[in-house]
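Below: the structure, in C-alpha cells.
Number of protein chains: 4
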Amino acid sequence: MDLNTLRETARAKLKGYCRVCSFCNGIACRGEVPGMGGVGSGSSFKANVEALAHHLLNMRTIHEVRDPRTNLTLFGCELDMPVMAAPMTGSTYNMGGAISEEDLATSLLMGSLQAGVMGMIGDGADPTMYASGLAAIRGTKGRGIAIIKPRGQKEIIARIQEAEAAGAAAVGVDIDGAGLITMSLKGQPVGPKSLRELREIIQATSLPFIIKGIMTPVEAEMAVEAGAAGIVVSNHGGRVLDSTPGVAEVLPWIAEKVRNHTVVLADGGVRNGADVLKLLALGAQAVLVGRPLAIGAVGGGPEGVALLLNNMRTELIQSMLLTATADVRHVDRKILFLRQASALG
Amino acid sequence: MDLNTLRETARAKLKGYCRVCSFCNGIACRGEVPGMGGVGSGSSFKANVEALAHHLLNMRTIHEVRDPRTNLTLFGCELDMPVMAAPMTGSTYNMGGAISEEDLATSLLMGSLQAGVMGMIGDGADPTMYASGLAAIRGTKGRGIAIIKPRGQKEIIARIQEAEAAGAAAVGVDIDGAGLITMSLKGQPVGPKSLRELREIIQATSLPFIIKGIMTPVEAEMAVEAGAAGIVVSNHGGRVLDSTPGVAEVLPWIAEKVRNHTVVLADGGVRNGADVLKLLALGAQAVLVGRPLAIGAVGGGPEGVALLLNNMRTELIQSMLLTATADVRHVDRKILFLRQASALG
Amino acid sequence: MDLNTLRETARAKLKGYCRVCSFCNGIACRGEVPGMGGVGSGSSFKANVEALAHHLLNMRTIHEVRDPRTNLTLFGCELDMPVMAAPMTGSTYNMGGAISEEDLATSLLMGSLQAGVMGMIGDGADPTMYASGLAAIRGTKGRGIAIIKPRGQKEIIARIQEAEAAGAAAVGVDIDGAGLITMSLKGQPVGPKSLRELREIIQATSLPFIIKGIMTPVEAEMAVEAGAAGIVVSNHGGRVLDSTPGVAEVLPWIAEKVRNHTVVLADGGVRNGADVLKLLALGAQAVLVGRPLAIGAVGGGPEGVALLLNNMRTELIQSMLLTATADVRHVDRKILFLRQASALG
Amino acid sequence: MDLNTLRETARAKLKGYCRVCSFCNGIACRGEVPGMGGVGSGSSFKANVEALAHHLLNMRTIHEVRDPRTNLTLFGCELDMPVMAAPMTGSTYNMGGAISEEDLATSLLMGSLQAGVMGMIGDGADPTMYASGLAAIRGTKGRGIAIIKPRGQKEIIARIQEAEAAGAAAVGVDIDGAGLITMSLKGQPVGPKSLRELREIIQATSLPFIIKGIMTPVEAEMAVEAGAAGIVVSNHGGRVLDSTPGVAEVLPWIAEKVRNHTVVLADGGVRNGADVLKLLALGAQAVLVGRPLAIGAVGGGPEGVALLLNNMRTELIQSMLLTATADVRHVDRKILFLRQASALG
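Listed below in C-alpha cells is the structure:
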C-alpha cells in the first residue's frame with residue numbers, strides 16, 4: 001500500500017464527511033459536528049494547527065548526532081516513538097459509515113501495534129462503541145488505553161473494571177466531553193467532574209489513570225492533586241467548545257507547572273514528525289494523533305494506520321537529525337526559533 | 001424543521017442577496033448595501049466577526065457547575081437567555097423580497113417569544129416598515145422593543161407614542177442611522193442627535209429608552225447623562241460606516257465606564273453560544289443577533305427563528321459548562337484566555 | 001447611468017486587463033505591468049489598500065454637526081471636495097485599448113469638472129499622451145494639473161511651458177518615474193532628480209509646482225527646500241517598485257514634518273469616502289484617486305467619472321456625519337481609533 | 001523568446017508538477033516532495049517568501065545616483081550581478097521528466113553564463129546527476145560551483161577531485177541534505193557533519209569551499225572556524241525540514257556575526273530584483289535563485305534562464321535607482337523601511 005492509494009481510497013469512502021485535504025487544517029470542514037470538523041466556527045480545530053505552525057525550528061546541521069533515539073517507556077509500555085493513536089468513535093455519524101466502529105478501533109490499535117506504538121479507545125452514547133474498543137484492546141493483548149466519557153461515578157467505575165479485565169495498559173476520562181448535551185438527551189448523562197469525584201475514580205483502579213481535556217495550568221495542578229498518572233492537554237480536536245486556544249499555545253505553561261509530577265501528553269493538530277518534535281520541545285512527553293489516523297484506518301485498515309505512523313517516525317528522525325536532537329526523552333527547548341522583534345533595530 | 005432544510009430554503013428564496021454561507025463573516029457579500037453586506041469594503045461587518053474570534057475561552061472541566069442558569073430580567077421582562085433579535089427592515093431591497101416586511105417582523109418577534117426571549121423592530125423610509133413592526137409587537141402582547149430612526153424630534157416622539165400604544169416593552173433610537181442620506185432624499189431627514197435632543201426624547205416617555213449605535217466610551221457616558229435605560233454597542237452591522245472597529249473590541253472599554261449606570265447590550269457578529277458568552281465576559285448584559293435570525297425568518301418563519309435561538313441556548317449552556325460559568329448574570333472575565341507574549345521567553 | 005451598468009460596461013471593454021473586482025485591492029492583477037496591477041509581487045499596490053484598512057474610525061453619533069463642509073481652495077482653485085483624479089496614461093498597453101488616450105484624459109478632467117473638482121494629466125513615452133492631456137486641460141479651461149515624467153531638464157521645462165500655454169492650474173513631476181528603463185530604451189531617458197535640478201525646474205515657472213512620488217520624510221523636506229508648492233505622497237500605485245510601504249503608513253510621518261510648509265496630497269488605495277477622511281486625518285489636505293476613476297472613464301466617460309466622484313462625496317459626508325467632523329480643512333486625528341494593546345489587562 | 005511563451009511552455013511540460021503560478025509562493029504545491037513544493041505543511045518554503053515580503057523598501061527619488069553598479073567579484077569570478085543559479089537536480093521525480101538531468105544542468109549553467117553570472121550544480125542518489133553537472137561545468141569552461149551531498153568523507157573528497165578536474169570555480173556541501181533518509185536507503189548514506197569532518201574536507205581542496213544550509217549564527221561561526229570561504233544561508237527551499245524560519249528572517253543575525261570573515265550568500269524565495277536588493281541590505285553579498293530558473297530551463301533552455309536573469313538585472317537596477325543605491329557591494333541597511341509601532345501615538 002502506498003500513501004496516495006490510501007488517501008484516494010479514504011476520500012472515496014468518506015464521501016465528503018472528510019475531504020482528505022492536502023493539508024488537514026480544519027477549514028474545509030469547519031462547523032461539521034457531527035462530521036470531522038471543529039464545532040461552530042471551527043476555530044478551536046484551526047487553533048491547534050495554527051499554534052503548532054506558529055512555533056518554528058532552528059535547523060542545525062553541524063553536529064555529532066548520528067542515530068537519534070525515538071523510543072521510550074510510557075505507563076510501563078515500550079513505545080518505538082512518543083506517538084499514540086487518539087481515541088475516536090462515532091464512525092456512523094462522523095464518517096458517514098465509511099468504516100464500522102469495530103474496524104475503526106481494531107485498525108487504530110492493531111496499526112499502532114504494528115508500528116511499535118499504542119492507541120487509545122473511546123466511549124460513546126451507543127454502548128457498542130466502548131465494547132468495540134475493549135475487543136480491540138483484547139486483540140492486541142493489552143496494547144491500548146481506555147478513555148471513558150465523564151458519566152456518573154458508578155458508570156465510569158464499571159467501565160474501568162471492564163478495561164482492567166480486557167488488559168488495558170491504562171484508563172482515563174476525557175472530561176472535556178462534559179458539554180455533550182446530546183449524550184444526556186440519550187439517557188447517558190455526562191458532565192464536569194469535581195476534584196473529589198476524580199479522586200474517587202482514580203482510587204478505584206490500580207491502573208495508571210489519565211485525565212484528558214486539560215487546557216489550563218490550574219486544572220493541570222488539580223489533576224495532579226487528584227492522583228492522575230498522566231494528563232492530555234487537549235481541546236478534544238476543537239469539537240466541544242468553539243474559540244479555545246490551540247494546544248501548542250497552552251502546553252508550555254501547563255508543562256512547566258506539572259511536568260515533574262505527572263506524564264504530560266499533547267493532542268491537537270499533529271500532522272508530521274516536525275510537529276511531534278515541537279510538542280516535545282514545548283514540554284510534552286508524547287503526543288496523540290487523531291484525524292490523520294482515522295483517514296489511515298478508513299483508507300487502509302491496520303496497515304494504513306501503521307504506514308502513516310511509520311512515515312511519521314521517519315519524519316521525526318529527520319527532524320531530530322536536522323535539529324541536533326539525540327533523544328526524544330530530552331528535547332531542548334532551544335531547538336525552537338525565538339523570533340526577535342528588533343530584527344532591524 | 002431541521003437546520004439544513006431551513007438553510008437550504010433560505011438560500012433558495014434569497015437568490016444570492018444572502019448566500020447563507022457555512023460561516024457568516026461578511027466576505028462574500030462585502031459592499032452589498034442594499035443587500036445583506038457591510039458598506040464599502042465590508043470591513044466593519046468583518047471587524048465584528050474578527051473581534052469576536054480574537055477573544056478565546058479558557059476551557060475548564062474540573063469544577064462543580066452542573067446546571068448553568070441562563071435566564072435573566074431585562075427592562076422588566078423575563079428572558080430565558082441574554083439574547084434578543086436585532087431590529088431588521090427593508091426586506092424588499094436587502095433580501096430581494098424573499099419575505100414580506102410583515103412576515104419578517106412577525107417571524108422575528110414570534111420566534112423570539114417561542115424561544116423565551118424578545119425581539120426588536122425597526123423603522124425605515126417606507127412607513128409600512130414601522131407599522132409592520134408595531135403590529136408584531138401587538139401580536140406578541142408587547143414582547144418587543146421599538147427602535148426608531150434618528151428623525152426630527154416630533155417624528156420620533158410620535159412614533160414613541162405609537163409604540164407605547166402597541167404595548168412595547170421599551171423604545172429606542174438607532175442613532176447610527178444618522179448618515180442615511182437616502183432617507184433625507186426621500187423626504188424623511190435623519191441626522192445626529194445632540195445630548196439635549198436625546199434628553200428631550202427620553203423625557204417624553206415612561207418606557208425604558210435605549211440608545212443603539214454607541215462605539216466610544218465618551219458617547220456611552222453621554223447616553224447615561226441623557227437618561228438612557230440601556231445602550232447597544234453596535235456599528236449597525238457594519239452597514240453605515242466603513243472601517244469601524246469591531247463591537248467586541250470596543251465593548252470592554254465602554255462597559256467599564258457605564259455598566260454600573262445603564263444596561264449594556266452588544267450587537268455584532270454573534271454566531272453561536274460561545275460568542276454570546278464572550279460578549280458577556282467582555283461586559284455586556286445581553287446580546288443582539290441579526291443576520292442569522294433573518295436567515296431563520298426567511299427559511300422557516302417564526303419556527304425557524306425559534307430553532308436557531310434554541311440551538312444557541314444549547315450552545316450557551318455547553319459553553320458555560322466548559323468554562324465553569326454558573327450564571328449569565330455574573331460572568332467572570334477570567335474565562336477569557338489572556339495571550340502571553342513571552343510564551344517561550 | 002447607474003453604477004452597475006458602468007461597471008459591467010467597463011468590465012466588458014477592459015477584457016481582463018482590469019477585472020473590475022467587487023473590491024479593488026491589487027490581488028487579481030498582481031504583477032500585471034503593463035496592465036492595471038502592481039509591479040512584481042504586487043505588494044506595493046496591496047500595501048496601499050492594506051495601510052488604509054489598518055486605520056479605523058471612531059463612530060460618533062451624539063454631537064451637533066449637521067451640514068459638514070467639504071469644499072476647499074487648493075492651488076488657487078475651488079474644489080467641492082478634497083479629491084482629485086490622478087494622472088493616468090497608457091490606455092493602449094495598460095487597458096488593452098478599451099479607451100483612447102484622448103478620451104481617457106477628457107473623461108478624467110471633464111468628469112472631475114462636472115463633479116466640482118479637478119484632475120491631473122500625465123506624460124509618457126508616446127508624445128501624443130501628454131498632448132492629449134494638454135488638450136483636456138484646454139477643454140476644461142484650465143481645470144487640470146500637468147504631471148511630467150522626470151526627463152532631462154530641458155524636456156521638462158519645455159513641457160511646463162506647454163502646460164502654461166494650455167492654462168494648467170499647476171504643474172509637477174512624478175519623480176517616481178525614475179526607474180522606467182523602458183522609457184530610456186525608447187530614447188526618452190528618465191531618471192532621479194537632484195535637489196539642484198528640482199530647484200532649477202521650479203524656478204522656471206510661476207505656476208504652483210508639485211513633486212509627486214515622495215515616500216520618506218527626508219525627501220519631503222528636500223521637496224520643500226526645492227520650493228515645491230505641494231507634494232504627493234505616492235508609490236505610483238505600486239507600479240514602479242515592489243515592496244514599498246503603503247501610502248497611509250508613511251503619510252503621518254511625512255505630514256508631521258512638512259505640512260506647515262507645503263500642500264500635502266496623498267495618492268494610493270482610496271476606494272470610498274471613508275478612505276478620503278482617513279487620509280485627511282493622517283495629515284493630507286487632499287487625495288488623488290486613480291484606478292476607480294479609470295474604470296469610470298472606460299465604463300461611462302466623463303459622466304462615469306462624475307458619478308463615481310459624486311458617490312464618493314456622498315460617502316465623505318456620511319463619514320463626516322458619523323465621526324463628528326465639521327470641515328475637511330480641519331480633521332481631528334482623534335477620529336482614528338487607537339487600538340489598545342492591553343484590552344484585557 | 002518572450003516571458004509568456006516561456007511560462008506557458010513550462011506549464012505544459014511540467015504537467016502539474018509545478019503549476020507555474022502567477023506568483024510562486026509555495027501554496028499550490030505545499031507538501032509535494034518529490035515535486036517542486038516544500039516538505040510537510042510547506043511552511044518552510046512559504047516562510048522564505050513571507051520573510052522577504054515582510055521587509056519593505058524606502059522609495060527614494062531625489063538623489064544623484066544615475067548609473068548603479070551591479071557587478072562584483074566572487075570566488076575570483078566576475079559576475080554582472082550578485083545572483084547565481086541554485087543547484088537543482090532530480091528532474092525525473094521532481095519535475096515529472098519535463099527536462100532531462102543533463103539539459104537541466106546545461107540550461108542553468110549556460111543560461112547563467114549568457115547572463116553574465118554563474119550557476120551551481122547538485123548531487124543526488126543517482127550518480128548521473130552529479131556527472132551531468134560536471135559536464136555542464138566543463139561546457140562553460142569552469143563557470144560553475146559543485147555542491148555535494150553530505151556523504152561519507154571519502155565520497156565527498158572523491159567528488160571534490162572530480163570537480164577540480166572539471167575546472168569548477170568552487171566546491172561545497174549542502175549539509176542540510178543530512179536528513180535525506182531516502183539516500184541512505186539507496187545505499188548512499190548521508191548525515192550531519194561535525195566541525196572536525198568539515199575541516200578535513202575543506203583542507204582537502206585548494207578551491208574556495210562553500211557550506212550550504214546554515215540557518216543559525218552559531219553554525220555560521222562554526223563554518224568560519226572550519227575554514228569555509230563562503231556560506232549559503234538556506235533551508236534547502238523548504239524541502240528538508242518543515243517549520244523553519246524564512247531565510248530573510250535569520251539572515252541579518254547571521255551576517256552580523258560572520259560577514260567580515262566569510263562570503264555570505266542567501267538562498268530562498270527570491271522572485272525579482274527588489275528581493276535581491278533586500279537580501280543585500282540584510283547582509284548577503286549575493287543570492288541564489290532556484291525554482292524560477294528551473295521553470296526557465298524547462299520553458300526555454302539556456303535562453304530561458306538567461307531571459308529571466310536579464311529581467312532580474314533590469315529590476316535590480318530599477319530598484320537601486322528608486323532606493324538611491326549606487327553599488328551592490330555597499331548596500332545601506334537604511335533602504336529598508338522600519339515600521340514604527342507608535343504610528344498614531
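Chains as they are written, first to last, in the UniProt record's numbering: chain C, 1 to 345; chain F, 1 to 345; chain S, 1 to 345; chain A, 1 to 345. Heads up, the beta-carbon is just placed ideally off N, CA and C, and yes, glycines get one too.
Limits of the unbroken alpha helix (DSSP H) element including residue i
| i | result |
| --- | --- |
| A/S44 | 43 to 54 |
| S/E8 | 3 to 14 |
| residue 353 of chain S | The structure shown does not extend to residue 353 of chain S, since chain S spans only 1 to 345, so no value can be given for it. |
Range of the contiguous beta strand (DSSP E) that encloses residue i
| i | result |
| --- | --- |
| C/K212 | 209 to 214 |
| F/D267 | 263 to 267 |
| C/I147 | 144 to 148 |
Beta-bridge partners of residue i, as assigned by DSSP
| i | result |
| --- | --- |
| C/M118 | C/M84 |
| F/L72 | F/L79 |
| C/D123 | Bridge partners of C/D123: none, in fact. |
| C/I201 | Its beta-bridge partners do not exist; DSSP assigns none. |
| C/G230 | C/I210, C/V263 |
8 Å CB neighbourhood of residue i in its chain, flanking five on each side removed
| i | result |
| --- | --- |
| A/Q153 | E197, E200, I201 |
| S/L282 | H55, A248, L251, P252, A255, A266, R333, L336 |
| S/D275 | L52, G269, V287 |
| A/I325 | Reading the sequence as shown, one finds Thr at residue 325 of chain A and not Ile. Taken in chain order, the residues that qualify are V65, P68, L277, S319, V331, D332, I335. |
Sequence-distant residues of the same chain with beta carbon closer than 6 Å to residue i, five excluded per side
| i | result |
| --- | --- |
| F/W253 | P217 |
| F/L113 | T140, R143 |
| F/L3 | none |
| F/G111 | P302, V305, A306 |
| S/G96 | K15, Y17 |
| A/G116 | D80 |
| C/P87 | M120, I121, G122, I147 |
| A/T9 | G299 |
Neighbourhood of residue i by C-beta, 7 Å cutoff - its chain only, sequence neighbours within 5 removed
| i | result |
| --- | --- |
| C/G35 | Y17, C29, N94 |
| F/E164 | T205, L207 |
| F/G119 | M84, A85, L108, L109, S112, G144 |
Cβ-heavy atom distance, residue i to the ligand MG, below 8 Å
| i | result |
| --- | --- |
| F/D123 | The ligand MG is not part of this structure, which contains no ligands at all. |
- Task: Count the C-beta pairs between the segment 256 to 269 of chain C and the segment 231 to 240 of chain C that are closer than 8 Å, then say yes if the count reaches three, no if not.
- Result: yes
- Query: Can at least three beta-carbon pairs, one atom from the segment 311 to 328 of chain A and one from the segment 125 to 132 of chain A, be found at a separation below 8 Å?
  - Reply: no
- Task: Check whether the segment 246 to 254 of chain A touches the segment 210 to 217 of chain S, counting contact only when three or more Cβ pairs, one atom from each stretch, lie closer than 8 Å.
- Result: no
- Query: Counting pairs of Cβ atoms below 8 Å between the segment 180 to 197 of chain A and the segment 145 to 160 of chain A, do you hit three or more?
  - Reply: yes
- Item | Within the segment 153 to 187 of chain S, ranges of the beta strand (DSSP E) (whole runs, at least 3 residues) | 170 to 174
- Specify whether the segment 289 to 296 of chain S and the segment 55 to 72 of chain S touch according to this definition: at least 3 beta carbon pairs, one from each stretch, less than 8 Å apart. With the rule of 3 Cβ pairs closer than 8 Å, the segment 289 to 296 of chain S does not count as touching the segment 55 to 72 of chain S.
- Would you list, in sequence order, the uninterrupted beta strand (DSSP E) runs of no fewer than 3 residues that lie entirely inside the segment 233 to 308 of chain C? 263 to 267, 286 to 289
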